[in-house]
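**Student:** Dumping the structure here so I can ask a few things about it.
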Ligand SMILES: *Cc1c(COP(=O)(O)O)cnc(C)c1O
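Residue numbers (my numbering): 5 to 383.
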C-alpha cells in the first residue's frame, strides 16, 4: 500500500463508541455524549467545562470566536483582524464570515509563524484582534504574542488547529489565553470525523459563542445538557447551526483517551526522526522550535532551499512518496488578495514541502522519505 501524507487513526474502540450511540443512546444530536466530551476536554486542558464549546468544525469555532470578539469591540469602521497569510484558508474565511476584514501579515522565515513587527505596522483604529496560527504546531514565542496584544489593546484568537496536545513554556495550548480554537477534522492530532472546539477565557465571549453555535437560542447548550429543550426561547442576534453531534463526540472521547499514550509519542518520534535525518542535509532547513515548547507536529513542513523544491517534490513523486503544500498564501488567492507583497511568506511558499506524518507511519517510512530527499538533492 502506498504511503499517505496524513490520515485518520481510528479503530475498534471508536467503532464501538459510535455503535453505542447509534444503538443504545437513542439520541444522535447534541446531548449527553457532547457534554461528557466537553467535560473531558476541560479536564485535559485544566479549564472549566463551561469554557469549552464544541463545534461541528474547527472553522466554525474560529467563526464563532471572531464573531464574539467583534460583538464586544467597538471601532469606527469595519473591524479588522491581523492574520498570517501562511495559513489554511479557513482562518481567512472565518474572519470574513464574521463581517470582519482579514489583514494579511508576513511570517518569520525560521518558523512560519506571525511576524509581530510586520503585524504592528498594519494596526489601524479598526484593528480588534490578531489571529495567531500555531503553524506546524509551533506555539513560537506565544507569551510575546499575548504581551504584544495587551500593549496594543487587541484581543487574541488562536487558530490552534495544529496544536492540540502542544505546550508553550510548560502550559498546554488551550489552558490559557483569550479565544483558543482547535480542529478535530479527520487528520488533526485527534479527530471526531469532523469537529472542533473553542476554549474561551472571557465568560461573556464564551456565552456568545456557545449560544451562537445553536442559532443564538439563549442558554440552549445548558438546557440540552440538562436533558431539556428551549420551547420558549428568545433570540437576540445572528446564530448558526454549528454544534457537535453525539456521534462525533463519541469518536472524540475515544481519540482523547488515546492522545497522550499513543498519538503524541508516535508523532513526536516520527518528527524527531525527520529532524535527526535531515538536520545536516545541504539545501534542507528545518523549521525552528523553542526548547521551552512541547511540539506535537500535525504536519511536517521543511524548507528546501536554493530553488531545489520542485526537483525534490518531483523525485519523491516518482518514488510514490507523497508530499503536500501548507499553504498557498491567502494574499495570493483571488478572494483575499489586494495586490500586497509579503516577501517572507512568498519566499517560504517557494521553499516549503510537507512530508508524510501520521501515527501509522513507521521510522522506516520516514527513513525512506529522507533517503528520497537526499537522492533528489544529489542528482
Ligand atoms: C484544519 C484547520 C482549520 C479548520 O479546521 P476544520 O476543522 O477543518 O474546519 C483551521 N485552521 C488551520 C490552520 C487548520 O489546519
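Quick reminder that beta carbons are idealized off the backbone N, C-alpha and C, glycines included.
Which runs of the beta strand (DSSP E), 3 residues or longer, sit entirely within the stretch 87-118?
**Tutor:** 105-109
**Student:** Whose C-alpha, out of 95, 286, 275, is nearest the C-alpha of residue 359?
**Tutor:** Here residue 359 is taken as the residue at index 355 of the chain shown, counted from 1. 275 is the residue among 95, 286, 275 whose C-alpha sits nearest the C-alpha of residue 359.
**Student:** Check whether the stretch 103-111 touches the stretch 343-352, counting contact only when three or more Cβ pairs, one atom from each stretch, lie closer than 8 Å.
**Tutor:** yes
**Student:** For residue 280 and residue 336, I'd like the C-alpha separation in whole angstroms.
**Tutor:** Reading the chain shown from its first residue, position 276 is the one you call residue 280. Reading the chain shown from its first residue, position 332 is the one you call residue 336. Looking at the two C-alpha atoms, the distance is approximately 34 Å.
**Student:** Roughly how many angstroms lie between the CA atoms of residue 22 and residue 225, to the nearest whole one?
**Tutor:** Here residue 22 refers to the residue found at position 18 when the chain shown is read from its first residue. Here residue 225 refers to the residue found at position 221 when the chain shown is read from its first residue. Between the C-alpha atoms of residue 22 and residue 225 there is a straight-line separation of about 22 Å.
**Student:** So, with DSSP's three-state summary, where would you put residue 243?
**Tutor:** On the chain shown, position 239 is the one that residue 243 refers to. Residue 243 falls in the coil class under three-state DSSP.
**Student:** Using the Cα positions of residue 100 and residue 379, report the straight-line distance between them to the nearest angstrom.
**Tutor:** For the purposes of this step, residue 100 is identified with residue 96 of the chain shown, where counting begins at 1. For the purposes of this step, residue 379 is identified with residue 375 of the chain shown, where counting begins at 1. Answer to the nearest angstrom: the Cα atoms are 44 Å apart.
**Student:** Residue 284 and residue 202: beta carbons closer than 8 Å?
**Tutor:** Your numbering for residue 284 matches position 280 in the chain shown. Your numbering for residue 202 matches position 198 in the chain shown. No.
**Student:** Report the rounded CA-to-CA distance for residue 135 versus residue 5, giving the unit in angstroms.
**Tutor:** Here residue 135 corresponds to residue number 131 of the chain shown, with the count starting at 1. Here residue 5 corresponds to residue number 1 of the chain shown, with the count starting at 1. Approximately 39 Å between the Cα atoms of the pair.
**Student:** Is it true that the stretch 184-191 meets the stretch 16-33, where meeting means three or more beta-carbon pairs spaced less than 8 Å apart?
**Tutor:** no
**Student:** Taking 8 Å as the cut-off, does the stretch 35-44 touch the stretch 241-261 (at least 3 CB pairs, one atom from each stretch)?
**Tutor:** yes
**Student:** What residues in its chain sit with their C-beta under 6 Å from that of residue 197, if we drop five residues either side in the sequence?
**Tutor:** Numbered from 1 along the chain shown, position 193 holds the residue referred to as residue 197. Setting aside the 5 residues that flank it on each side, residue 197 is surrounded in the same chain by 252, 255, each with a C-beta closer than 6 Å to its C-beta; the list follows chain order.
**Student:** Give me, in chain order, the residues of the same chain whose beta-carbon lies closer than 7 Å to that of residue 141; leave out the 5 immediate sequence neighbours on both sides.
**Tutor:** Position 137 of the chain shown, counted from the first residue, corresponds to residue 141. Cβ neighbours of residue 141 within its own chain (closer than 7 Å, five residues either side excluded): 166, 167, 170, 299, 300, 301, 302.
**Student:** Just to confirm, are residue 90 and residue 48 a CB contact at a threshold of 8 Å?
**Tutor:** Locating residue 90 in the chain shown gives position 86, counting from the first residue. Locating residue 48 in the chain shown gives position 44, counting from the first residue. No, they are not a contact pair.
**Student:** At 3 residues or longer, and completely inside the stretch 256-336: list those beta strand (DSSP E) runs for me, N to C.
**Tutor:** 288-290, 304-308
**Student:** Just reading off the alpha helix (DSSP H) that residue 350 is part of, what are its end residues?
**Tutor:** Position 346 of the chain shown holds residue 350. It spans 347-355 - the alpha helix (DSSP H) in which residue 350 sits, taken as one unbroken run.
**Student:** Once the 5 residues before and after residue 25 are set aside, which same chain residues still bring their CB inside 7 Å of it?
**Tutor:** Working through the chain shown from its first residue, we reach residue 25 at position 21. Contacts found: 32, 37, 250, 251, 254.
**Student:** Thinking C-beta only, is residue 260 closer than 8 Å to residue 42?
**Tutor:** Locating residue 42 in the chain shown gives position 38, where the first residue counts as 1. Locating residue 260 in the chain shown gives position 256, where the first residue counts as 1. No.
**Student:** Does the structure place the stretch 147-165 close enough to the stretch 366-375 that three or more beta carbon pairs sit under 8 Å?
**Tutor:** In short, these stretches do not touch, since the Cβ pair count stays below three.
**Student:** Relative to the alpha-carbon of residue 338, which residue among 9, 75, 96 has its alpha-carbon at the smallest distance?
**Tutor:** Numbered from its first residue, the chain shown carries residue 338 at position 334. Among 9, 75, 96, the Cα nearest to that of residue 338 belongs to 96.
**Student:** Alpha carbons only, please: which of 78, 137, 212, 330 is nearest the one belonging to residue 178?
**Tutor:** Mapped onto the chain shown, residue 178 falls at position 174. Ranking 78, 137, 212, 330 by Cα distance to residue 178 puts 137 first.
**Student:** Tell me whether residue 342 is buried or exposed, calling it buried when 16 or more other Cβ atoms sit within 10 Å of its Cβ.
**Tutor:** Here the question's residue 342 lines up with position 338 in the chain shown. Exposed, because fewer than 16 other Cβ atoms sit within 10 Å of the Cβ of residue 342.
**Student:** Consult DSSP for residue 184 and reduce its assignment to one of helix, strand or coil.
**Tutor:** Translated into positions along the chain shown, residue 184 becomes position 180. In the structure shown, residue 184 sits in a strand (DSSP, three-state: E or B).
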